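I have placed the structure first, in the form of structure tokens, so that the comments after it can refer back to it.
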Amino acid sequence: MASTDGALSAHCEDAKDAGTCKANVSSWDGDGEKSQKKATLKRNSSEPQKAKKKKKARVNRAARPNYTIHEGEDMLLVISSSTSQYDGSAWAPKKKGCKKRKVTKGKGKSIPTKKKKLMRAPVVKQIEETPEVPSDHRWGQSLPEEVLVNIFKMVVAQDGAVPFLCRAGRVCRLWNVAASSPVLWRKVSLGHCWIAPGKSQLPKTESKIKYTIDWLAQTRLSQLREFSLHHWTKNVNYAVDVVSKFCPQLGALTLSYCSGLTEVGFQSLGLHSRSLQSLNLQYTEFQVEGLLSYLETYGCQIRQIWFTHGLKNDRLLSAISRGCCRDLELLEVNTKLDSKDGELPICIQALQTACPKLKTFRMLNVRPLHKTMRSGAELSLGFPSLEELCIATTSYSYMSDKDLRDILFGSTQLRVLDLRGCSRITPAGLAMLPCNELECLFWGQYFSSHVGSSSLKKGLHMVTQKWNQTLQQLDVANQLFSEEDLEVAMCHLARASNANTLRSLNLSGTRVMPSALRPLISQMTALNYLNLSSCRYLPRGLKRIYRGQEDIRQLLDKLE
36 MASTDGALSA
46 HCEDAKDAGT
56 CKANVSSWDG
66 DGEKSQKKAT
76 LKRNSSEPQK
86 AKKKKKARVN
96 RAARPNYTIH
106 EGEDMLLVIS
116 SSTSQYDGSA
126 WAPKKKGCKK
136 RKVTKGKGKS
146 IPTKKKKLMR
156 APVVKQIEET
166 PEVPSDHRWG
176 QSLPEEVLVN
186 IFKMVVAQDG
196 AVPFLCRAGR
206 VCRLWNVAAS
216 SPVLWRKVSL
226 GHCWIAPGKS
236 QLPKTESKIK
246 YTIDWLAQTR
256 LSQLREFSLH
266 HWTKNVNYAV
276 DVVSKFCPQL
286 GALTLSYCSG
296 LTEVGFQSLG
306 LHSRSLQSLN
316 LQYTEFQVEG
326 LLSYLETYGC
336 QIRQIWFTHG
346 LKNDRLLSAI
356 SRGCCRDLEL
366 LEVNTKLDSK
376 DGELPICIQA
386 LQTACPKLKT
396 FRMLNVRPLH
406 KTMRSGAELS
416 LGFPSLEELC
426 IATTSYSYMS
436 DKDLRDILFG
446 STQLRVLDLR
456 GCSRITPAGL
466 AMLPCNELEC
476 LFWGQYFSSH
486 VGSSSLKKGL
496 HMVTQKWNQT
506 LQQLDVANQL
516 FSEEDLEVAM
526 CHLARASNAN
536 TLRSLNLSGT
546 RVMPSALRPL
556 ISQMTALNYL
566 NLSSCRYLPR
576 GLKRIYRGQE
586 DIRQLLDKLE
């Protein structure tokens with residue numbers, strides 16, 4: 036008992052509180068042998084569990100990835116390891132004895148989940164903090180300003196000045212200086228982007244719009260050449276007035292689907308824009324009296340005019356025919372495809388006399404109603420400088436061979452002739468035209484009522500024989516020429532001295548035969564567009580559009 040009391044007193048001194056000592060005393064005062072046996076049994080029963088748990092934790096710890104992570108020049112390389120999955124790897128496990136396990140007090144159990152987290156956390160941190168090859172993100176700030184301006188020129192030529200230059204100017208100081216160069220702001224187009232369609236414009240929004248126009252005109256548009264507004268229903272007068280005042284070099288103004296331009300805006304153009312030569316007012320509502328007053332006073336400087344045909348706009352063509360725009364070179368009058376009112380009274384002789392320098396004359400979807408000049412009037416010389424004539428329409432055209440000859444009797448320099456929808460024009464009438472170097476002839480019948488009729492035409496060979504040396508594009512879609520006539524016409528095209536002349540040929544809906552296509556395709560080496568859709572006399576599988584010389588060469592193999 037003496038030894039027992041000594042051990043008991045030593046145990047009590049090491050205990051943290053008196054309660055622990057009392058519990059131990061009671062256990063020793065009882066049946067000592069019985070308590071000792073219980074402790075031994077409990078110890079023996081817990082040993083297999085501990086061994087089992089230790090073995091399980093050791094298996095989980097050994098499950099490592101079979102790859103190695105190496106640092107490259109600009110990336111992390113994950114390399115498979117066939118011999119040793121840990122050699123030189125950041126994922127290699129620690130050696131035994133380097134770090135002791137943490138044991139919970141009184142239980143002696145390991146915590147494998149916490150150990151896994153503690154071992155993997157440094158690995159993730161090591162991968163994230165792996166130093167990469169330093170890259171200089173400030174290359175744009177070290178470029179010479181001239182180089183940056185030239186780069187911006189290419190972007191502006193493709194995507195426009197707005198909004199690219201506005202965004203580029205917010206990158207850094209150098210980009211702001213380069214984007215502010217007036218050379219980049221020579222062509223500007225503004226769409227209506229301040230409010231959603233159909234919503235009213237608040238006064239605060241209107242003040243922002245005016246401030247933006249003022250800021251652009253005063254700080255960016257000193258060298259402006261071309262200015263466009265699209266879908267503006269308000270502040271059009273204000274924008275035109277500000278731009279005309281601060282942009283003395285303005286040469287072209289385009290208003291597309293706008294409304295609200297009054298006489299005030301035209302007066303501002305006349306007072307300040309003395310370099311204005313092009314005026315495009317297609318699909319725009321404007322005050323006709325204001326434009327007429329402007330043309331009568333400043334029409335001598337106008338070279339190009341676009342406008343949409345309407346009941347009120349017919350007076351514009353009359354004013355032009357009276358000679359208010361003597362130096363006019365381009366005149367285009369068009370209407371929408373679904374427009375029912377397409378008849379335009381026009382006196383061709385008066386227009387020829389008033390605009391002797393006209394080079395491009397287009398009447399799109401407009402049916403001209405010819406008026407004759409009064410007796411004793413000055414005889415016109417035609418359009419001696421005309422290079423393009425377009426009288427295409429989506430409905431039935433009353434244009435005849437005589438009407439066409441009255442327009443082109445003096446046009447020896449004509450290069451482009453668009454007669455789509457003009458079904459009353461005959462090959463004989465085309466062959467009588469004075470132009471001998473026609474390059475583009477568009478004569479397809481897409482919307483005429485005669486398409487699908489059984490009556491056949493003759494004489495296409497006269498057209499191809501006349502212009503086989505100069506034709507680059509030919510469109511005779513849905514023209515009902517006979518098979519023999521088409522074959523002769525294609526032979527005339529194939530006899531051209533220059534095999535690189537013909538580039539595009541549209542024979543859709545015609546009665547062309549394989550025998551007519553073989554000599555043409557084999558001879559015309561520059562042909563890169565061939566439309567054979569809906570050609571019922573061709574074999575199945577060949578009735579489609581061919582693009583590119585390689586595709587057309589494969590067609591030649593199939594035809595043979």
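Using our numbering, the letters of the sequence shown correspond one by one to residues 36 to 595.
Backbone N, C-alpha and C define an ideal beta-carbon position, used for all residues, glycine too.
Values in this document were obtained by computation on a predicted structure and should not be read as measured data.
Check whether the Cβ atoms of LEU449 and CYS470 lie closer than 7 Å to each other. By 1-based counting over the sequence shown, the position of residue 449 is 414. By 1-based counting over the sequence shown, the position of residue 470 is 435. Taking 7 Å as the Cβ cut-off, LEU449 and CYS470 qualify as a contacting pair.
Do LEU351 and CYS390 have their CB atoms nearer than 7 Å? Stepping through the sequence shown from its first residue, residue 351 is reached at position 316. Stepping through the sequence shown from its first residue, residue 390 is reached at position 355. Not in contact: LEU351 and CYS390 (Cβ atoms no closer than 7 Å).
Complete alpha helix (DSSP H) runs within the stretch 461-523 (minimum length 4 residues, chain order): Listed in chain order, the alpha helix (DSSP H) runs fully inside the stretch 461-523 are 462-466 and 495-502, counting runs of at least 4 residues.
VAL368, buried or exposed, once every other Cβ within 10 Å from all chains shown has been counted against 16: Taking the sequence shown and counting its residues from 1, one reaches residue 368 at position 333. VAL368 is buried by the Cβ-count criterion.
Determine the direct distance from the alpha carbon of ARG588 to that of ALA561, and round the result to whole angstroms. Numbered from 1 along the sequence shown, position 526 holds the residue referred to as residue 561. Numbered from 1 along the sequence shown, position 553 holds the residue referred to as residue 588. For ALA561 and ARG588, the distance between alpha carbons rounds to 11 Å.
Does the contact criterion of 3 or more C-beta pairs under 8 Å hold for the stretch 234-241 versus the stretch 197-210? By the Cβ criterion, the stretch 234-241 is not in contact with the stretch 197-210, since fewer than three pairs of Cβ atoms, one from each stretch, lie closer than 8 Å.
Can you tell which of SER328, GLN387, SER291 and VAL275 has its C-alpha closest to the C-alpha of THR343? Looking up residue 343 in the sequence shown gives position 308. Among SER328, GLN387, SER291 and VAL275, the Cα nearest to that of THR343 is on SER291.
Mind checking who MET398 pairs with in its DSSP beta bridge? Sequence index remark: in the sequence shown, residue 398 carries index 363 (1-based). Within the DSSP bridge table, the entry for MET398 names VAL368 as partners.
Which of the three DSSP states, helix, strand or coil, is assigned to TYR431? As a first step, residue 431 must be located in the sequence shown, where it is residue number 396. In the structure shown, TYR431 sits in coil (DSSP, three-state: anything other than H, G, I, E or B).
Short check: CB of LYS269 to CB of GLN317, under 7 Å? As a first step, residue 269 must be located in the sequence shown, where it is residue number 234. As a first step, residue 317 must be located in the sequence shown, where it is residue number 282. Not closer than 7 Å, so no.
Selection from ARG309, HIS227, GLY286 and SER215 that minimises the alpha carbon distance to LEU251: Position 216 of the sequence shown, counted from the start, is the residue given in the question as residue 251. The residue with the shortest Cα to Cα distance from LEU251 is SER215.
Mind checking whether HIS307 and LYS280 have CB atoms under 7 Å apart? Position 272 of the sequence shown, counting from 1, holds the residue named residue 307. Position 245 of the sequence shown, counting from 1, holds the residue named residue 280. Cβ atoms of HIS307 and LYS280: closer than 7 Å.
Could you give the distance in angstroms between the alpha-carbon of LEU365 and the alpha-carbon of LEU594? As a first step, residue 365 must be located in the sequence shown, where it is residue number 330. As a first step, residue 594 must be located in the sequence shown, where it is residue number 559. Going from the Cα of LEU365 to the Cα of LEU594 covers about 44 Å.
Where does ILE426 fall in DSSP's three states? As a position in the sequence shown, residue 426 is number 391, starting the count at 1. Look at ILE426 here: in three-state DSSP terms it is coil, with no helix or strand label.
Inspect the beta-carbon positions of LEU540 and LEU565 and report whether they are closer than 7 Å. The count along the sequence shown starts at 1 and reaches residue 540 at position 505. The count along the sequence shown starts at 1 and reaches residue 565 at position 530. In terms of Cβ geometry, LEU540 and LEU565 form a close pair [threshold 7 Å].
Residue interval of the alpha helix (DSSP H) (run including SER589): Here residue 589 refers to the residue found at position 554 when the sequence shown is read from its first residue. One detail in the question is off: residue 589 reads as Gln in this sequence, not Ser. Start and end: 584-594.
Where ILE580 falls: helix, strand or coil (DSSP): For the purposes of this step, residue 580 is taken as residue 545 along the sequence shown, with counting starting at 1. ILE580 falls in the strand class under three-state DSSP.
Could you check the C-alpha separation between GLN507 and ARG538 for me, to the nearest Å? Here residue 507 refers to the residue found at position 472 when the sequence shown is read from its first residue. Here residue 538 refers to the residue found at position 503 when the sequence shown is read from its first residue. The straight-line gap separating the alpha-carbon atoms of GLN507 and ARG538 is approximately 5 Å.
What residue does the alpha helix (DSSP H) around ALA561 start on, and which one ends it? Residue numbering aside, residue 561 sits at position 526 when the sequence shown is read from its first letter. Counted as a single uninterrupted DSSP element, the stretch harbouring ALA561 is not any alpha helix (DSSP H), since DSSP gives it neither H nor E.
Nearest residue (CA-CA) to GLN387, options CYS360, ARG402 and GLU378: Position 352 of the sequence shown, counting from 1, holds the residue named residue 387. Minimum Cα distance to GLN387 is reached at CYS360.
Start and end residues, beta strand (DSSP E) containing GLY325: Translated into positions along the sequence shown, residue 325 becomes position 290. Under the DSSP assignment, GLY325 falls outside any beta strand (DSSP E), being part of the alpha helix (DSSP H) whose first and last residues are 323-333.
Return the chain-ordered list of same chain residues with a C-beta closer than 7 Å to the C-beta of GLY226, the five sequence neighbours on each side being excluded. The residue you call residue 226 lines up with position 191 of the sequence shown. Correct list, in chain order: HIS265 and HIS266.
Residues in its own chain within less than 6 Å of ALA287 by CB, not counting five upstream and five downstream? As a first step, residue 287 must be located in the sequence shown, where it is residue number 252. Once the five neighbours on either side are set aside, the close Cβ partners of ALA287 are GLU261 and SER313.
Span of the beta strand (DSSP E) holding GLN336? Here residue 336 refers to the residue found at position 301 of the sequence shown. GLN336 -> no beta strand (DSSP E), and no H or E assigned at all.
CA-to-CA distance, ALA512 to THR428, given in whole angstroms: Taking the sequence shown and counting its residues from 1, the one referred to as residue 428 is at position 393. Taking the sequence shown and counting its residues from 1, the one referred to as residue 512 is at position 477. One Cα belongs to THR428, the other to ALA512, and the distance between them is close to 15 Å.
Span separating the alpha-carbon of VAL191 from that of ASP249: Looking up residue 191 in the sequence shown gives position 156. Looking up residue 249 in the sequence shown gives position 214. Approximately 21 Å between the Cα atoms of the pair.
Starting from the N-terminal side, write out each stretch of the beta strand (DSSP E) that is 3 residues or longer and does not extend beyond the stretch 248-307. Qualifying beta strand (DSSP E) stretches, in chain order: 261-265, 287-291 and 294-296.
Under three-state DSSP, which class holds VAL451? By 1-based counting over the sequence shown, the position of residue 451 is 416. In the three-state reduction of the DSSP assignment, VAL451 falls in the strand class.
Rounding to the nearest angstrom, what Cα-Cα distance links LEU495 and PHE516 in this structure? Working through the sequence shown from its first residue, we reach residue 495 at position 460. Working through the sequence shown from its first residue, we reach residue 516 at position 481. So the two alpha carbons sit approximately 7 Å from each other.
Report back the beta-carbon spacing between LEU528 and ASN503 to the nearest angstrom; my notes put them in contact at under 8 Å. Within the sequence shown, numbered from 1, the residue matching residue 528 stands at position 493. Within the sequence shown, numbered from 1, the residue matching residue 503 stands at position 468. Indeed they touch by this definition, with Cβ atoms about 5 Å apart.
Beta-carbon within less than 7 Å of SER420's beta-carbon, same chain only, minus the 5 sequence neighbours each way: which residues are those? Sequence index remark: in the sequence shown, residue 420 carries index 385 (1-based). The answer, listed in chain order, is LYS392, LEU393, LYS394 and GLN448.
Determine the burial state of SER44: buried for a count of at least 16 other Cβ atoms within 10 Å of its Cβ, exposed for fewer. Numbered from 1 along the sequence shown, position 9 holds the residue referred to as residue 44. Per-residue confidence for SER44 stands at a pLDDT of 44, beneath the threshold of 50, marking its modelled position as unreliable; the derived number appears in the next sentence. Counting the other Cβ atoms within 10 Å of the Cβ of SER44 gives fewer than 16, which makes it exposed.
Count the other C-beta atoms from every protein chain shown that fall within 10 angstroms of the C-beta of SER598, then say buried if there are 16 or more, exposed otherwise. The question about residue 598 has no answer here: the residues shown for the chain are numbered 36 through 595.
According to DSSP, simplified to helix, strand and coil, what is VAL218? Sequence index remark: in the sequence shown, residue 218 carries index 183 (1-based). Looking at VAL218 - three-state DSSP - the assignment turns out to be helix.
Mind checking whether PRO217 and SER257 have CB atoms under 7 Å apart? Numbered from its first residue, the sequence shown carries residue 217 at position 182. Numbered from its first residue, the sequence shown carries residue 257 at position 222. Going by C-beta atoms, PRO217 is nearer than 7 Å to SER257.
Pick out whichever of SER294, GLY295, TYR246 and GLU298 has its Cα sitting closest to the Cα of VAL277. By 1-based counting over the sequence shown, the position of residue 277 is 242. Nearest to VAL277 by alpha-carbon distance, out of SER294, GLY295, TYR246 and GLU298, is TYR246.
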